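Asks: Residue numbers (our numbering): 643 to 840.
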(Lines of atoms letter the chains of each structure in order from A and count residues from 1; the text may use other names and numbers.)
(Lines give C-alpha, C1' and ligand atoms only; values in the text may rest on other atoms or scores of the structure.)
Protein backbone atom coordinates (compact mmCIF):
# COMPACT_ATOMS: atom_id res chain seq x y z
CA UNK A 1 0.00 0.00 0.00
CA UNK A 2 2.86 2.33 0.80
CA UNK A 3 4.33 1.58 -2.67
CA UNK A 4 1.09 2.64 -4.40
CA UNK A 5 0.96 5.81 -2.36
CA UNK A 6 4.59 6.58 -3.31
CA UNK A 7 3.86 6.02 -7.03
CA UNK A 8 0.75 8.22 -6.87
CA UNK A 9 2.68 10.88 -5.02
CA UNK A 10 5.51 10.71 -7.54
CA UNK A 11 3.04 11.03 -10.45
CA UNK A 12 1.32 13.94 -8.71
CA UNK A 13 4.58 15.87 -8.30
CA UNK A 14 5.70 15.00 -11.82
CA UNK A 15 2.42 16.31 -13.25
CA UNK A 16 2.44 19.40 -11.03
CA UNK A 17 6.02 20.22 -12.00
CA UNK A 18 5.18 19.89 -15.71
CA UNK A 19 2.19 22.24 -15.27
CA UNK A 20 4.29 24.80 -13.38
CA UNK A 21 7.06 24.60 -15.99
CA UNK A 22 4.50 25.18 -18.76
CA UNK A 23 3.12 28.23 -16.93
CA UNK A 24 6.62 29.66 -16.41
CA UNK A 25 7.42 29.23 -20.11
CA UNK A 26 4.14 30.98 -20.99
CA UNK A 27 4.91 33.91 -18.69
CA UNK A 28 8.48 34.26 -19.97
CA UNK A 29 7.38 34.01 -23.61
CA UNK A 30 4.39 36.35 -23.18
CA UNK A 31 4.74 39.55 -25.18
CA UNK A 32 4.37 43.00 -23.66
CA UNK A 33 0.73 43.98 -24.24
CA UNK A 34 1.76 47.59 -24.93
CA UNK A 35 3.69 46.53 -28.05
CA UNK A 36 1.79 45.82 -31.25
CA UNK A 37 1.95 42.15 -32.24
CA UNK A 38 4.78 41.23 -34.57
CA UNK A 39 4.05 39.75 -37.95
CA UNK A 40 4.35 36.00 -37.87
CA UNK A 41 7.33 34.65 -39.79
CA UNK A 42 7.26 31.02 -38.64
CA UNK A 43 5.41 28.25 -40.42
CA UNK A 44 2.78 25.95 -38.94
CA UNK A 45 2.05 22.34 -39.97
CA UNK A 46 -0.52 21.49 -42.65
CA UNK A 47 -4.12 22.19 -41.68
CA UNK A 48 -3.26 24.82 -39.06
CA UNK A 49 -6.19 27.07 -38.20
CA UNK A 50 -5.85 30.88 -37.95
CA UNK A 51 -2.97 31.78 -35.59
CA UNK A 52 -5.00 33.25 -32.71
CA UNK A 53 -7.31 30.25 -32.64
CA UNK A 54 -4.34 27.93 -33.11
CA UNK A 55 -2.69 29.28 -29.95
CA UNK A 56 -5.95 28.80 -28.02
CA UNK A 57 -6.44 25.23 -29.23
CA UNK A 58 -2.89 23.87 -29.33
CA UNK A 59 -1.93 22.26 -26.01
CA UNK A 60 1.68 21.66 -27.12
CA UNK A 61 1.16 17.95 -26.51
CA UNK A 62 3.73 17.11 -29.23
CA UNK A 63 1.45 14.50 -30.80
CA UNK A 64 1.72 16.08 -34.27
CA UNK A 65 5.50 16.24 -33.84
CA UNK A 66 5.66 12.55 -32.89
CA UNK A 67 3.29 11.59 -35.72
CA UNK A 68 5.35 13.22 -38.48
CA UNK A 69 7.20 10.35 -40.21
CA UNK A 70 9.73 12.76 -41.74
CA UNK A 71 10.50 14.69 -38.53
CA UNK A 72 9.83 18.03 -40.19
CA UNK A 73 7.64 19.37 -37.36
CA UNK A 74 9.43 20.55 -34.23
CA UNK A 75 8.60 22.45 -31.08
CA UNK A 76 9.26 26.18 -31.36
CA UNK A 77 12.16 27.59 -29.36
CA UNK A 78 12.36 31.03 -27.77
CA UNK A 79 13.99 32.56 -30.87
CA UNK A 80 11.30 31.51 -33.35
CA UNK A 81 8.69 34.08 -32.35
CA UNK A 82 6.13 31.31 -31.95
CA UNK A 83 4.68 30.16 -28.64
CA UNK A 84 7.45 28.04 -27.08
CA UNK A 85 6.86 24.34 -27.67
CA UNK A 86 4.16 24.88 -30.29
CA UNK A 87 4.65 23.03 -33.59
CA UNK A 88 6.55 24.78 -36.39
CA UNK A 89 8.20 23.77 -39.65
CA UNK A 90 11.63 25.10 -40.63
CA UNK A 91 11.93 24.13 -44.31
CA UNK A 92 15.68 24.63 -44.66
CA UNK A 93 16.13 21.95 -41.99
CA UNK A 94 13.26 19.60 -42.91
CA UNK A 95 10.48 20.29 -45.40
CA UNK A 96 6.92 18.99 -45.16
CA UNK A 97 6.54 15.96 -47.45
CA UNK A 98 2.74 16.43 -47.74
CA UNK A 99 1.94 12.89 -46.59
CA UNK A 100 -1.14 11.45 -48.29
CA UNK A 101 -2.84 10.64 -44.98
CA UNK A 102 -1.52 13.67 -43.01
CA UNK A 103 -0.62 11.80 -39.78
CA UNK A 104 0.16 15.12 -38.07
CA UNK A 105 -3.42 16.30 -38.59
CA UNK A 106 -4.88 12.97 -37.46
CA UNK A 107 -2.79 13.17 -34.28
CA UNK A 108 -4.22 16.58 -33.32
CA UNK A 109 -7.19 15.87 -31.06
CA UNK A 110 -7.70 19.53 -30.09
CA UNK A 111 -8.58 20.81 -33.58
CA UNK A 112 -5.58 23.13 -34.01
CA UNK A 113 -4.87 21.20 -37.23
CA UNK A 114 -7.95 20.68 -39.41
CA UNK A 115 -8.32 17.95 -42.06
CA UNK A 116 -7.20 18.79 -45.58
CA UNK A 117 -8.80 16.78 -48.39
CA UNK A 118 -6.14 17.46 -51.04
CA UNK A 119 -2.50 18.60 -50.95
CA UNK A 120 -3.47 21.52 -53.18
CA UNK A 121 -5.57 22.87 -50.28
CA UNK A 122 -2.62 22.98 -47.85
CA UNK A 123 -1.63 26.54 -46.91
CA UNK A 124 1.62 26.44 -44.94
CA UNK A 125 3.08 29.43 -46.78
CA UNK A 126 4.32 30.43 -50.22
CA UNK A 127 7.74 30.24 -51.88
CA UNK A 128 9.66 33.23 -53.12
CA UNK A 129 12.78 32.95 -55.29
CA UNK A 130 15.53 35.52 -54.79
CA UNK A 131 16.67 35.95 -58.39
CA UNK A 132 19.89 37.61 -57.19
CA UNK A 133 20.91 34.30 -55.58
CA UNK A 134 19.21 31.68 -57.75
CA UNK A 135 21.79 29.83 -59.83
CA UNK A 136 19.36 29.57 -62.75
CA UNK A 137 19.20 33.37 -62.88
CA UNK A 138 22.78 34.33 -62.03
CA UNK A 139 24.46 31.38 -63.77
CA UNK A 140 23.30 32.40 -67.21
CA UNK A 141 22.35 29.92 -69.90
CA UNK A 142 25.39 27.75 -69.17
CA UNK A 143 24.12 26.62 -65.78
CA UNK A 144 20.94 24.69 -65.08
CA UNK A 145 20.00 23.84 -61.53
CA UNK A 146 16.19 23.79 -61.54
CA UNK A 147 16.13 21.61 -58.42
CA UNK A 148 13.30 23.61 -56.87
CA UNK A 149 11.23 22.91 -59.97
CA UNK A 150 12.24 19.25 -60.26
CA UNK A 151 11.51 18.47 -56.60
CA UNK A 152 8.21 20.36 -56.29
CA UNK A 153 5.26 18.02 -55.62
CA UNK A 154 3.12 20.47 -57.63
CA UNK A 155 5.56 20.89 -60.51
CA UNK A 156 4.09 22.97 -63.36
CA UNK A 157 1.32 24.12 -61.02
CA UNK A 158 3.04 25.87 -58.11
CA UNK A 159 6.34 26.31 -59.90
CA UNK A 160 7.03 26.30 -63.62
CA UNK A 161 9.89 27.13 -65.95
CA UNK A 162 10.03 30.30 -67.97
CA UNK A 163 12.73 29.33 -70.44
CA UNK A 164 15.17 27.60 -68.10
CA UNK A 165 14.34 29.67 -65.01
CA UNK A 166 11.94 28.69 -62.22
CA UNK A 167 8.95 30.92 -61.47
CA UNK A 168 6.60 30.47 -58.49
CA UNK A 169 2.83 30.86 -58.75
CA UNK A 170 2.31 31.99 -55.16
CA UNK A 171 -1.46 31.44 -55.31
CA UNK A 172 -0.90 27.74 -56.08
CA UNK A 173 2.12 27.16 -53.84
CA UNK A 174 1.25 25.23 -50.67
CA UNK A 175 4.46 26.21 -48.86
CA UNK A 176 5.71 22.69 -48.13
CA UNK A 177 9.28 23.98 -48.29
CA UNK A 178 10.77 21.18 -50.39
CA UNK A 179 12.15 23.83 -52.77
CA UNK A 180 13.75 25.77 -49.91
CA UNK A 181 15.22 22.60 -48.42
CA UNK A 182 16.76 21.40 -51.70
CA UNK A 183 18.07 24.87 -52.55
CA UNK A 184 19.65 25.17 -49.09
CA UNK A 185 21.47 21.90 -49.80
CA UNK A 186 22.98 23.49 -52.93
CA UNK A 187 23.66 27.07 -51.78
CA UNK A 188 23.47 28.68 -48.38
CA UNK A 189 21.62 30.79 -47.63
CA UNK A 190 18.98 29.38 -49.91
CA UNK A 191 17.73 31.40 -52.89
CA UNK A 192 14.25 30.07 -52.14
CA UNK A 193 12.41 31.00 -48.96
CA UNK A 194 8.94 30.04 -47.74
CA UNK A 195 7.01 32.96 -46.32
CA UNK A 196 3.83 33.05 -44.26
CA UNK A 197 0.82 34.04 -46.34
CA UNK A 198 -0.47 37.50 -45.37
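We put the CB at the ideal spot given by N, CA and C, even for glycine.
In this text the structure is predicted, and so the values were computed from the model without any measurement.
1. Using the Cα positions of residue 676 and residue 809, report the straight-line distance between them to the nearest angstrom.
2. Please confirm if the segment 825-835 is in contact with the segment 744-763, defined as three or more CB-CB distances below 8 Å between the two stretches.
3. For a quick check, are the C-beta atoms of residue 819 and residue 747 less than 8 Å apart?
4. Mind checking residue 812: buried by the 16 CB within 10 Å criterion, or exposed?
5. Give the C-beta separation of residue 739 and residue 706 to the nearest angstrom, bearing in mind that I take them to be a contact with Cβ-Cβ under 8 Å.
6. Looking at C-alpha atoms only, which residue of 727, 685, 795, 749 is the closest neighbour of residue 760?
7. In whole angstroms, give me the CA-to-CA distance for residue 777 and residue 827.
8. If we ignore side chains and look at the alpha-carbon of each, how far apart do residue 722 and residue 770 end up?
9. With DSSP collapsed to three states, give me the class of residue 718.
Replies: In this structure, then:
1. Only weak support is given to the placement of residue 676: the predicted model assigns it a pLDDT of 43, under 50, and the question is left unresolved by the model.
2. Between the segment 825-835 and the segment 744-763 there are fewer than three inter-stretch CB-CB distances shorter than 8 Å, so the stretches are not counted as touching.
3. Here residue 819 is not near residue 747, since their CB atoms are 8 Å or more apart.
4. exposed
5. In fact, because the Cβ distance is near 14 Å, the residues do not count as touching under 8 Å.
6. 795
7. Taking the Cα positions, residue 777 is about 13 Å away from residue 827.
8. One Cα belongs to residue 722, the other to residue 770, and the distance between them is close to 20 Å.
9. coil
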